[in-house]
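Quick note on our numbering: the sequence shown kicks off at 243 and runs consecutively. All residues carry an ideal CB built from backbone N, CA and C; glycine is no exception.
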Amino acid sequence: STGVANSSLPAELDVLWMAQIEIGIESTAAIWQDAVYVGGLDEKLYAFDFDSGVSRWTYSATGEIKSSPLVFEKTVFFGDGNGVFHAVDAQTGKALWTFQTDGEIVSSANATGGRVLFGSYDQFLYCLESDSGSLLWKIETDGYVHGMPAIAQAHTLIAGCDGLLRVIDIASGKEQSQIELGAYVGASAAVHQTRVYVGTYESQVLCIDLNAKEIAWRYEHPQRKFPYFASPSTTLDRVIVAGRDKMVHALDPDTGDVLWTYTSRSRFEASPVVVGDRVFAGTMDGKIVALNLETGESDWEFVTGSGFIASPSVAGERLIIGTTDGTLYCFGKAVE
């Protein structure tokens, strides 16, 4: 959960295919083997062919899907707006099991060692057995659990609407520590080694030292005061965060000093993704930009005409992203 892609992308990107969903897409696509999985606000999970964009199957959930799907052990995991968490066979689209919570699920799932973790608006963090859906443990927080639980070795970390970063032992479900953040957090935390980076509703980006159990630094833009709903991306020498202030900020991970900013005409709701030496981010007015990681200068952009709440997904030298009007784009290098 660092927001850095494992794949590279060509310098110039062409639209290879587009697929249409009835209503809208707020869910970040998952790419596994030769398929793309994405949830729609029409209460359906879709599987598309990675090469062609042709529909493989659709699965009907019980509510809007804002949670981004996770593929783990040949299974697609996601939650819906009716509080149901689903496990679906990634190859066939058949339901394997469901688990009911008492609040909307916007949190994306994370998984490790046969366990799947997710949060609900019923204020609980859940840990289920991934193959059966049996509840292993749940832990109550004091607010909505909106972001994806981060995993750091044997622990899961959640920063929530209760203004706390909680560190929880995955095996037992016991809370090891909690760190006061001083503000609501809606996005997922990014973990890099022993540090956690998170943006807050109070216009700040925080760096938390897990060993010292304290905030190492805070960054706040001197003029622009807007909440951060997008998760940071972290590399060895950059923390990248995009916000409703219409800016992408590159910060020094050790000090929180600003290295560069990029200003757009529209706000960023979606988390940026680092691909090689570029940062890809989508705006609410429908533009995808590729920024130079060193300088923050734009070197590629594409205008769709519909906004982005979903983040880009990158694999196999392709970038896949869905828009709020329900169009799923696949970018790559067209074969001459």
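Cβ separation of residue i and residue j, assumed to be a contact under 8 angstroms, to the nearest whole Å
i      : j      : result
Phe341 : Phe319 : Wrong, their Cβ atoms sit about 10 angstroms apart, outside the cutoff.
Ile307 : Gly325 : Actually they do not touch by this definition, with Cβ atoms about 12 angstroms apart.
Thr354 : Ile412 : 7 angstroms
Glu264 : Gly568 : 6 angstroms
Pro311 : Val358 : Not quite, the Cβ-Cβ distance comes to about 12 angstroms (not below 8 angstroms), so this is no contact.
Val481 : Tyr439 : 5 angstroms
Ser309 : Ser349 : 6 angstroms
Ala492 : Gly538 : 6 angstroms
Leu478 : Met260 : That pair is no contact at about 35 angstroms.
Selection from the options that minimises the alpha carbon distance to residue i
i      : options                           : result
Gly405 : Ala484, Gly385 and Ala454         : Gly385
Asp284 : Gln262, Asp291 and Arg298         : Gln262
Trp274 : Leu359, Glu254 and Ala289         : Ala289
Gly266 : Cys369, Ile450, Ala576 and Gly549 : Gly549
Cys369 : Ile410, Val330 and Ala557         : Ile410
Gly323 : Val246, Glu264, Leu287 and Trp339 : Leu287
Tyr378 : Gly321, Gly356 and Ala277         : Residue identity differs from the one stated: residue 378 is Leu in this sequence, not Tyr. Checking every option, the nearest Cα to that of Leu378 belongs to Gly356.
Glu371 : Pro554, Trp339, Arg520 and Val278 : Trp339
Gly345 : Pro514, Ala337 and Phe360         : Phe360
Gln465 : Gly375, Ile482 and Lys488         : Lys488
Ile563 : Val257, Asn248 and Lys575         : Val257
Nearest-angstrom Cα separation, counted from residue j out to residue i
i      : j      : result
Ala429 : Ser475 : 12 angstroms
Thr415 : Glu422 : Correcting the residue identity first, residue 415 is Gly in this sequence and not Thr. One C-alpha to the other measures close to 20 angstroms.
Gln395 : Thr244 : 14 angstroms
Ala272 : Val296 : 16 angstroms
Phe510 : Ala552 : 10 angstroms
Val500 : Asp527 : 25 angstroms
Phe471 : Val313 : 24 angstroms
Pro252 : Leu535 : 15 angstroms
Thr383 : His397 : 16 angstroms
Ile347 : Phe544 : 31 angstroms
Glu315 : Val556 : 20 angstroms
Arg460 : Arg298 : 46 angstroms
Ala532 : Thr436 : 29 angstroms
Gln333 : Val278 : 11 angstroms
Thr505 : Ala392 : 29 angstroms
Thr503 : Lys467 : 15 angstroms
Phe525 : Cys572 : The sequence given here places Thr at residue 525; Phe does not occur at that position. Rounded to whole angstroms, Thr525 to Cys572 spans 17 angstroms at the Cα level.
Leu255 : Leu561 : 9 angstroms
Asp496 : Asp331 : 42 angstroms
Gly305 : Ala337 : 15 angstroms
Per DSSP, the bridge partner or partners of residue i
i      : result
Met260 : Tyr571
Arg357 : Thr354 and Glu371
Asp384 : None; Asp384 has no bridge partner.
Gly321 : Phe327
Arg437 : His434 and Asp451
For the segment 443-452 against the segment 352-369, are there 3 or more C-beta pairs whose distance is under 8 angstroms? no
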